Amino acid sequence: MSVIGIDFGNDSCYVATVKNGGVETLDNDYSLRATPSFVAFAGRKRIIGAAAKNQYGSNKENTVVGFKRLLGRKFDDPHVQHELTMIPTKIEERSDNGINICVHYLGQTHFFTPEQVTAMLLTKLKETSSQALEAQVSDCVIACPIYFTNAERQALLDAAKIAGLNVLRLLNETTAIALSYGFYKQTLPSDNPRNVIFVDCGDSSLQVCACAFTKGKLKMLASSWDQVGGRDFNVAMADYFAKEFKQRYKIEIENNSRQWLRLLGEVDKMKKQMSTNNTNLPLDIECFIDDMDVSSSMHRYQMEILCDSLLRRAEDTFNRLLIESKLSLKEIHSVEIVGGTTRIPAIKELIEKVFGLTVCTTLNQDEAVSRGAALQCALMSPALRVRKFETTDIQNYAVEVTWTGEGSCIGSSVEIFPAFHEAPTSRLLTLSRKEPFTLTVRYSQSIPYPDPIIGHWTIKEIKPNNRGEYKDIKVKVKINQHGLVVITRATLSDKNDDAERRSTSLQYTSTEQEKQSTIEDFNSRKNPKPSHANTSTDKQTNKEMDNENKKSSKRMDLPMEFQTHGICQKELKNLRLFEERMSANDASETKRIDAKNALEEYVYEMRSKLLGGHLDQHIFPIERDNICTELNDVENWLYEDGVDTDYETYMDKLYLLKQRINPINVRANDYERCPLAFDELERSISFARTVMADFKKGLDKYAHFTEAESLNISEKIDRTQKWFDRNKARFIEAARTSDCPVNVTQIRYEADMLTSYVNSAINRSKLNRNIPKISSATVTTDPSEIGERQLQQHNKHL
1 MSVIGIDFGN
11 DSCYVATVKN
21 GGVETLDNDY
31 SLRATPSFVA
41 FAGRKRIIGA
51 AAKNQYGSNK
61 ENTVVGFKRL
71 LGRKFDDPHV
81 QHELTMIPTK
91 IEERSDNGIN
101 ICVHYLGQTH
111 FFTPEQVTAM
121 LLTKLKETSS
131 QALEAQVSDC
141 VIACPIYFTN
151 AERQALLDAA
161 KIAGLNVLRL
171 LNETTAIALS
181 YGFYKQTLPS
191 DNPRNVIFVD
201 CGDSSLQVCA
211 CAFTKGKLKM
221 LASSWDQVGG
231 RDFNVAMADY
241 FAKEFKQRYK
251 IEIENNSRQW
261 LRLLGEVDKM
271 KKQMSTNNTN
281 LPLDIECFID
291 DMDVSSSMHR
301 YQMEILCDSL
311 LRRAEDTFNR
321 LLIESKLSLK
331 EIHSVEIVGG
341 TTRIPAIKEL
351 IEKVFGLTVC
361 TTLNQDEAVS
371 RGAALQCALM
381 SPALRVRKFE
391 TTDIQNYAVE
401 VTWTGEGSCI
411 GSSVEIFPAF
421 HEAPTSRLLT
431 LSRKEPFTLT
441 VRYSQSIPYP
451 DPIIGHWTIK
461 EIKPNNRGEY
471 KDIKVKVKIN
481 QHGLVVITRA
491 TLSDKNDDAE
501 RRSTSLQYTS
511 TEQEKQSTIE
521 DFNSRKNPKP
531 SHANTSTDKQ
541 TNKEMDNENK
551 KSSKRMDLPM
561 EFQTHGICQK
571 ELKNLRLFEE
581 RMSANDASET
591 KRIDAKNALE
601 EYVYEMRSKL
611 LGGHLDQHIF
621 PIERDNICTE
631 LNDVENWLYE
641 DGVDTDYETY
651 MDKLYLLKQR
661 INPINVRAND
671 YERCPLAFDE
681 LERSISFART
691 VMADFKKGLD
701 KYAHFTEAES
711 LNISEKIDRT
721 QKWFDRNKAR
731 FIEAARTSDC
741 PVNVTQIRYE
751 ADMLTSYVNS
761 AINRSKLNRN
771 IPKISSATVT
781 TDPSEIGERQ
791 LQQHNKHL
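Counting from 1, one number per residue, gives the positions in the sequence shown under full-length UniProt numbering.
The following block contains the structure:
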C-alpha cells in the first residue's frame, strides 16, 4: 500500500512518499519533481502541470493559475478581487456569490469552481504518483497554509474527494516542515525542549512558526504569517521596468497581458540571479513589442529599495512571532529556512537581524513540506511500520461559541478555544435548556477571511423534565485532524431533581463560573500524551462521556441540523462522477491524438523514404507514384476532414498504408542486410576450413578428431560452400524491385549450423583434457576400446 504527502503550492506542487526506509520525492511525466499548479483547456482535452505551463503564453485565456488563493471564498471577497488582477482567465460571480472560472472546453463555454480546478490538479498528482510507484494511490496527507480558515480547509477537502483521494489529514505546512526536520534528529534532548524557528517564504505567502522539540516529540508553540511572497517581488520589479520602457521606448505593456507575463518571467530569472550576484545585472528581451528589442539593468540594492515595503512586512511578521511565542532570543536554538523566496539575501539578513542567529539550511528548501506530509501519512497509515513520533499541532485562531434561546445560564457566548490551542482536541460545553436551540461557532479574532462565522448547529428534540424545568445538554466541540472546528455530538442528561438543582446552582452562578465549570477540557484535566495521530484527547472525551452515562439515570444523543462551509454530499458525488468522465475523456483524447500523430508521422516518413530514400530503388516508379498519391491524400485528409476523427478511423488508415508499404520495407531490409549475413557465412566457412587444415597438419589440439568426424566436417563445408555460391549469385543477379531470393534468416541459419557443428567437435578436446592420466598400476581398460591415436599415446606412456 502506497502513501503520499502532497505540497499543494500556489506556483507548483511536490509529491513525496515513504519508501525503502526513507522519504523520496516523486518525479512527474517530465522527469521533474515540481509540477506547476497550472490547469489548461485546449480543444477536447485538459492539459495539467508542466505541459499547461509550457503553453501558457499562447493559451492564457484558457489556462487557470492562482486558484489556490480562491478556494472557499466568495466573489466579492476583497482578497479575491485582488487576486483577479493577477489571473488572466475570465472569472464570473455565481448566483450564490461563489466563483465561476470560465473556459472554452469541448467546443463550448464551461464554468468550473476553484474546488473543481483544484481537484483536476490533484487528479494529475494522483496519476503521476501511481505511475511512479506502480501501484494505486488513495491515502494521502495534504499540506495547507497555516492561515487557512475552516472555509478554505473544507474546500480543499472537497477538492480531494472530487479527485478520489482519501485525505488522512490536512497538515499545516509549518508543521510538515517541523516534522521533516525533527523526525530524523537523533540528538534531541529528553527534558529541556529545543526551540527552533521555521521560516517558509514561498511564491505567495510568508509563514513563520516556533516549535519545541524533545526526543520523539514536537510541539508547535505559535505561528505568524503574511500574504507576501516571491511573486510580489516580481510584480514590484516588473512595474519598475514597465515605467522605464514607457519612457525610453514609448511602449505600454500594462494592458498587454502576454507581454506582461513575458516580462514577469524575465524578471523572475533576474531575481534568482541576484541571490548569488551582487553586480549590475542586465535585462534584455528580444522582439518584445512590434519586433522591438528592449534592454535595461538593475542592481540588487535597487531591488531591495523597490521592495522595501515588502521587507518591512516580513520583518513585522518575524517580530510578531517572537511576541506570540513568548520566547526570548536566548531560548531559540536555531532558525531553519525553506521556500524559494528565502534565497533572497535581504530576507536572510532580516531573519538574522530579528532572531540574532545565522540561518540554517538543513532542509531541502523546495521539498521539505511534501516530505513532512509523507512522514505524517506513514505515521497514520496502518499498513506501514514507522518509528513513533508524536506531533502536537495548534489551532491558530481563537474560537468562541454563542447560543440562542432562554435558559438558566448567564451570558450567551464563551471562548472555547484560545489562539494557538493545541489540536486535534475537543471540549464539552454544558447548557441547561428545555427547548431546541442554536449554537453558532465563530472566530473571535481578526482572521484573513471576511466572514468569521464557522457554522450554525441547531440542537433538536429537547423537552423540559416532568416538573417543567431545564435539562443539561452536553455539546462536544472538536478541532479535528484537519484543523476544522465542528460540533460532533449533543447529549441530553436527565438527572433527578436534587442533582439537577445542585448542578444548576454550581454551573450558572456567574459568567466567570460558567466559563470555568461548563467547559470541560480533558487535555487540561488529565494531561494525556497525544499519540502520533493525535487522537488521545477524543478518546478521553468519549470515555468521560461514557462514565457520565453510567452515573446518570438517562442520557441520549440529540439530533442536530447544521449549516457550515463546504459542498453537500449529493453535489460532491455528482462532481466526482463528472471528474471521472473528464479523466476518461482525457485518456481517450490522448489515445486519439497519439493515433493521429502516428499516422501523420508514418505518412511523412514513408514519403521521404520512397522519394529519394532507401525504398526508392526497391519499387517500380509507377507503384511508387501511386503510393505517394495515397500518402498525399491521407495527409490532406488529416488537415481537413480528419482533424477531429475518432481513434478507430486513424488506426484503420494506418493499417491500410502499412499493408501496402510493409512488403516494400521487408524487401529493402533484406537487400540491405543480406550482404552482411553473407559475409558472416563466409567467415564461418573460412573458420571451418582452417580447422580442417590444422587437423591435416597433425596439430595436437585436433588430435582427438576421428576420421568420421573429419569427413563429416568436410562434407558440411562443401555443402555450405555450394549453398553460399548458388544463393549469393542469385542475390547479385536479382532485380532490386523484386523480392529477395534469399532472406537473412536463411543465411544466418546456415552459418550457425556449420559453426556449431565445428565448435562441438572442438569442445570435446577440452573435456578430454580434464580426464586424469592413467598410470600403469591402474590400467583396467580394454585396449581395444581405446581409439587408435589414444592407444599409441597410452603405449608410449607405459
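All C-beta atoms, glycine included, are put in the ideal place defined by N, C-alpha and C. Keep in mind that this is a model prediction, so the values were computed, not measured.
- Counting C-beta atoms within 10 angstroms of its own C-beta, residue 368 has 16 or more neighbours from the protein chains shown and is therefore classed as buried.
- Collapsing the DSSP output to three states places residue 294 in a strand.
- Between the stretch 22–30 and the stretch 187–194, the count of Cβ pairs shorter than 8 Å is below three; the stretches do not touch.
- Across the set 76, 80, 103 and 74, the C-alpha of 103 shows the shortest separation from the C-alpha of residue 39.
- Taking the Cα positions, residue 570 is about 14 Å away from residue 579.
- A residue is called buried when at least 16 other Cβ atoms come within 10 angstroms of its Cβ; residue 482 meets this threshold and is buried.
- Under the three-pair Cβ rule at 8 Å, the stretch 367–387 counts as touching the stretch 9–16.
- At a Cβ-Cβ threshold of 9 Å, residue 475 and residue 428 count as neighbours.
- Sequence-distant Cβ neighbours of residue 94 in its own chain, meaning closer than 6 Å and more than five residues away, are 100.
- Between residue 478 and residue 432, the C-beta spacing is not below 9 Å.
- Between residue 357 and residue 332, the beta carbon gap of about 6 Å places them in contact (Cβ cut-off 8 Å).
- Minimum Cα-Cα distance from residue 225 among the listed residues 173, 105, 726 and 750 corresponds to 173.
- Boundaries cannot be given for residue 398, as no beta strand (DSSP E) includes it and DSSP labels it neither H nor E.
- DSSP, read as helix, strand or coil, puts residue 85 in coil.
- Annotated three-state conformation of residue 234 is helix, per DSSP.
- Nearest C-alpha to residue 313 among 447, 201, 292 and 724: 201.
- Listed as beta-bridge partners of residue 455 by DSSP are 441 and 564.
- Counting of Cβ neighbours within 10 angstroms places residue 203 among the buried residues, the total reaching 16 or more.
- Secondary structure at residue 240: helix, using DSSP grouped into helix, strand and coil.
- As a beta-bridge residue in DSSP terms, residue 36 pairs with 12.
- Look at residue 649 here: in three-state DSSP terms it is helix.
- The criterion of a C-beta distance shorter than 9 Å is not satisfied by residue 164 and residue 218.
- The criterion of a C-beta distance shorter than 9 Å is satisfied by residue 557 and residue 491.
- Boundaries of the alpha helix (DSSP H) harbouring residue 182: 173–182, taken from the DSSP string.
- Ranking 697, 315 and 116 by CA distance to the CA of residue 352 puts 315 first.
- Scanning its chain for C-beta atoms nearer than 6 Å, with the 5 sequence neighbours on each side dropped, one finds no residue around residue 322.
- The shortest C-alpha to C-alpha distance from residue 630 to any of 645, 643 and 659 is the one to 659.
- Residue 207 is bridged by DSSP to 200 and 225.
- A check of alpha carbon separations from residue 447 across 53, 79 and 63 identifies 79 as the nearest.
- Contact between the stretch 665–676 and the stretch 696–714 is absent: fewer than 3 CB-CB pairs across the two stretches fall below 8 Å.
- Contact between residue 750 and residue 723 holds: CB atoms are separated by about 6 Å, below the 8 Å threshold.
- The way I'd put it, the stretch 137–154 doesn't touch the stretch 280–298; fewer than three beta-carbon pairs between them come closer than 8 Å.
- Taking the C-beta atoms as reference points, residue 425 is found no nearer than 9 Å to residue 412.
- Within the DSSP bridge table, the entry for residue 476 names 428 and 489 as partners.
- Between residue 243 and the set 178, 263 and 228, the nearest pair of CA atoms involves 263.
- Inter-segment contact for the stretch 66–74 and the stretch 148–158 is present: three or more beta-carbon pairs are separated by less than 8 Å.
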